[in-house]
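With this note's numbering as the guide, the letters of the sequence shown map in order to residues 122 to 273.
Cβ coordinates follow ideal geometry from the N, Cα and C atoms, glycine included.
Given the structure is predicted, the values throughout are model-derived calculations rather than measurements.
Read through the structure below, which is laid out as structure tokens, and then see the notes.
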Amino acid sequence: MLTRFSDFNDWPSFGFAEFGRAAYPHTQLRRELDRLFGDFERATNQGSALGFEDDGKSFVLRADVPGLTESDFEISVANNTVTLKGERKVEAPEGYSQHRRERSAVRFAKSFQLPARVDADKVTATLKHGVLTLTLPRAAEAQPRQISVKAA
Numbered sequence: 122m123l124t125r126f127s128d129f130n131d132w133p134s135f136g137f138a139e140f141g142r143a144a145y146p147h148t149q150l151r152r153e154l155d156r157l158f159g160d161f162e163r164a165t166n167q168g169s170a171l172g173f174e175d176d177g178k179s180f181v182l183r184a185d186v187p188g189l190t191e192s193d194f195e196i197s198v199a200n201n202t203v204t205l206k207g208e209r210k211v212e213a214p215e216g217y218s219q220h221r222r223e224r225s226a227v228r229f230a231k232s233f234q235l236p237a238r239v240d241a242d243k244v245t246a247t248l249k250h251g252v253l254t255l256t257l258p259r260a261a262e263a264q265p266r267q268i269s270v271k272a273a
């Protein structure tokens with residue numbers, strides 16, 4: 122039996138729309154990432170699993186991107202928006218003729234807004250064993266901080 126759980130933000134707000142947004146701040150980002158990698162999945166005809174974590178100091182995005190190399194990506198961060206572009210070319214080596222091609226070329230581009238400001242100068246991207254990892258440190262003013270209550 123297959124069960125699908127709905128996102129709470131898809132339910133009627135009953136006048137509590139702002140409460141719902143505050144309770145689920147990453148929902149819009151998750152939808153954008155689902156759309157991004159859903160497009161990639163359709164283009165490559167294979168699954169692209171991804172994960173997005175927030176440890177309070179930085180956001181970490183991990184995506185399975187088999188068959189792509191470091192030079193296949195163009196990633197930029199500006200005004201709290203991340204843009205990810207990628208392309209996989211499938212060409213026969215020089216001097217070879219191609220008799221069968223089941224692999225297809227892939228090109229994708231997507232921009233999405235992060236739920237908090239990040240320090241663009243400290244963003245890193247690594248690719249290891251077909252997994253792209255983007256580490257996006259929060260800007261100092263966007264990091265959560267504890268507020269202590271003092272007696273008046």
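Remark: C-beta atoms of L150 and P214 do not approach each other more closely than 8 Å. Annotation for L189: no beta strand (DSSP E) segment contains it, and DSSP assigns it neither H nor E. By the beta-carbon neighbour count (other beta carbons within 10 angstroms, threshold 16), A184 is buried. In this structure V244 touches V198 by the C-beta definition: roughly 5 Å separates them, less than 8 Å. E174 sits in a strand when the DSSP states are folded into three classes.
In the three-state reduction of the DSSP assignment, L150 falls in the helix class, which pools H, G and I.
When DSSP assignments are scanned along the stretch 205–243, the uninterrupted stretches of beta strand (DSSP E) that are 3 or more residues long and fall wholly within it turn out to be 227–234. Taking the CA atoms as reference points, R156 sits about 16 Å from V227. About 12 Å separates the beta carbon of T202 from that of I196, a gap too long to meet the 8 Å contact definition.
If the five residues before and after V211 are omitted, its C-beta is found closer than 8 Å to the C-beta atoms of R222, R224, S225 and A226, all from its own chain and listed in chain order. Nearest neighbour of A261 by Cα position, chosen from E153, L171 and A241, turns out to be A241.
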